[in-house]
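To keep things clear, I will list the structure first and then write my remarks on it.
Numbering (this note's numbering), first residue to last: 309 to 417.
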């Protein structure tokens, strides 16, 4: 079972769509990692470039948003699936009841 996803500094165009998509495939226990592991030399070089540092921070914020709303979206999907299965069972039961009612002999008048 999938335990975690680490997107690092991957670009994210639409954080809400990303979260909705991931809610389809991730279990409730899956965690989205948003921390970036850098060696100190590379980190200092990158952080000294203002534009790149801002872009990385923006991407991290997008993935943090996904991380924060993903558990709620996954839980909602699970509830929707359970409700859908309950409704399907109810429809099947009604169809069986209807079919058995049509097969009953009619009482004479």
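Built from N, CA and C at the ideal position, the CB exists for glycine as well.
Query: Do the segment 327-340 and the segment 372-382 meet, that is, are 3 or more Cβ pairs less than 8 Å apart?; Result: yes
Query: At 3 residues or longer, and completely inside the segment 310-392: list those beta strand (DSSP E) runs for me, N to C.; Result: 312-314 and 339-341
Query: Sort 311, 395 and 329 by Cα distance to residue 374 and report the nearest one.; Result: 329
Query: Quick check on this structure: which residue in 386, 327 and 389 has the alpha carbon closest to the alpha carbon of residue 370?; Result: 327
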